[in-house]
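Residue 317 in the UniProt record's numbering sits at position 317 of the sequence shown, and the numbers go up by one each step.
What follows is a set of notes on a single structure, which appears directly below.
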Amino acid sequence: MRLGADHVRVRVPATSANLGPGFDALGVALTLHDEVEVRALGTSGVTVEVTGEGAGEVPDDESHLVVQALRTALDHVGAPQTGLHLTCRNAIPHGRGLGSSAAAVVAGIVAARALVADPAALDDATALALATAMEGHPDNAAPALLGGATVAWTDARTGAVDAVRVAVHDDVVPVAVVPATHLSTKAARGVLPATVPHGDAAFQAGRAALLVEALGRRPDLLLAATEDRLHQEYRRSVMRDSLALVDVLRAAGVAAVVSGAGPTVLALARRVHDGHGAGGATGTGAPATDADEVLRAAFGGVMGGWRVVRLAVDLDGARSERLPATAARSIG
């Protein structure tokens, strides 16, 4: 297959996986984005410019994750390899459990889709399969690609990966509480046991099923629906501050969980309505939520170095556009 463009731009959202009980299956896309501009060059070689998160830390050569994913996707459809110039503008924190690696992988695959003459050869099903093969699991890749909240799974008979979107109620307001420190996924997975008690597995299945209903139609059930017995408590030794904050928020009635492999904490806060049914607002114009007071109290104490980031659910997922040879407008 030939290339159909030589200059594209891709925008990919941050994601939060697990959401408590949905370990390696549930995830949600958030309104925090990385943007990558790719130029296919007539020459060989790769140059990568990075601003924002990861600048000066991530590779600037063929080993950059976006480059690896892009080349994997080009190989998959038989498109020619080419020299590349990447300009990466990163807003997703690295090593914080907000899907930065999945965003990079999806960005590379979607950039390849935009570059090739037949984008349908890298449709969503193919893109998800390629991303999962690189990531190892689809819980971040699915919402990064499709947007919204997703449930992803692997077919036990065929090994094929699939995902569906599930509804998220307008009253659900994601609030990310991001620490200054990072934690590798490998370290977070390394403390998990090989097996768990049958009763805990049954508990987890019930909560994961309830979470789909709570997200879409019953936000009042989110606190119960986000209970977890499969991974978070086992990880307390490597993210004590994160789980201490989760404990504080949950004790106050806020549906808080560890975001992905951590150490970011995600509160699935609920919009507070006034007596007339309208949504309240903070002094900044953002919707008032049931997490506001407890977060203010927590950060008035010893929670220095953390950032509270009020977000929304990203419904678009990964987006791309072909650009002319000269610099062009940003994605709206």
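Idealized CB from N, CA, C, for every residue including glycine.
With distances taken Cα to Cα, identify the nearest neighbour of residue i among the options.
| i | options | result |
| --- | --- | --- |
| residue 194 | 231, 176, 288 | 231 |
| residue 256 | 53, 147, 21 | 21 |
| residue 311 | 66, 319, 269, 317 | 269 |
| residue 38 | 113, 75, 23, 31 | 113 |
| residue 52 | 87, 211, 146, 245 | 87 |
| residue 199 | 210, 191, 228 | 228 |
| residue 325 | 50, 6, 216 | 6 |
| residue 166 | 180, 143, 181 | 143 |
| residue 74 | 206, 154, 4 | 4 |
| residue 108 | 266, 26, 70 | 70 |
| residue 216 | 204, 25, 148, 79 | 148 |
| residue 140 | 26, 295, 11 | 26 |
| residue 32 | 18, 263, 315, 63 | 315 |
By the DSSP assignment, the alpha helix (DSSP H) with residue i in it spans what residues?
| i | result |
| --- | --- |
| residue 89 | Taken as a continuous stretch (DSSP letters only), residue 89 belongs to no alpha helix (DSSP H), being part of the beta strand (DSSP E) at 83 to 90. |
| residue 213 | 198 to 216 |
| residue 240 | 240 to 251 |
| residue 2 | It is not in any alpha helix (DSSP H) - residue 2 carries neither H nor E in the DSSP assignment. |
| residue 189 | 185 to 190 |
Could you give the first and the last residue of the continuous beta strand (DSSP E) run that contains residue i?
| i | result |
| --- | --- |
| residue 7 | 7 to 18 |
| residue 174 | 172 to 178 |
| residue 162 | 161 to 166 |
| residue 269 | 265 to 270 |
| residue 321 | 319 to 322 |
| residue 256 | 256 to 258 |
| residue 152 | 149 to 154 |
| residue 339 | Limits of the chain in this structure are 1 at one end and 332 at the other, which puts residue 339 out of reach. |
Report back the beta-carbon spacing between residue i and residue j to the nearest angstrom; my notes put them in contact at under 8 Å.
| i | j | result |
| --- | --- | --- |
| residue 122 | residue 77 | 6 Å |
| residue 106 | residue 318 | 5 Å |
| residue 239 | residue 183 | 6 Å |
Applying the criterion that 16 or more other CB atoms from any shown protein chain within 10 Å of the CB defines a buried residue, is residue i buried or exposed?
| i | result |
| --- | --- |
| residue 330 | With a pLDDT of 42 at residue 330, under the threshold of 50, the modelled position of that residue is not reliable, and no figure is offered here. |
| residue 135 | buried |
| residue 281 | Confidence at residue 281 is low in this model, with a pLDDT of 46, below 50, so the placement of that residue should be treated as unreliable; the coordinate-derived value is given next. The residue is exposed, with fewer than 16 neighbouring Cβ atoms inside 10 Å. |
| residue 237 | exposed |
| residue 278 | The predicted position of residue 278 is uncertain, since its pLDDT is 45 and thus under 50; a value taken from the coordinates is nonetheless stated next. Classification for residue 278: exposed. |
| residue 82 | buried |
| residue 15 | buried |
| residue 192 | exposed |
| residue 157 | exposed |
| residue 260 | buried |
| residue 220 | exposed |
| residue 151 | buried |
| residue 43 | exposed |
| residue 197 | exposed |
| residue 111 | buried |
| residue 284 | Per-residue confidence for residue 284 stands at a pLDDT of 48, beneath the threshold of 50, marking its modelled position as unreliable; the derived number appears in the next sentence. Looking at its Cβ environment, which holds fewer than 16 other Cβ atoms inside 10 Å, residue 284 is exposed. |
| residue 63 | exposed |
| residue 164 | exposed |
As an exercise, report each continuous alpha helix (DSSP H) stretch of at least 4 residues that is fully enclosed by the stretch 34 to 122, in chain order.
65 to 77, 100 to 115
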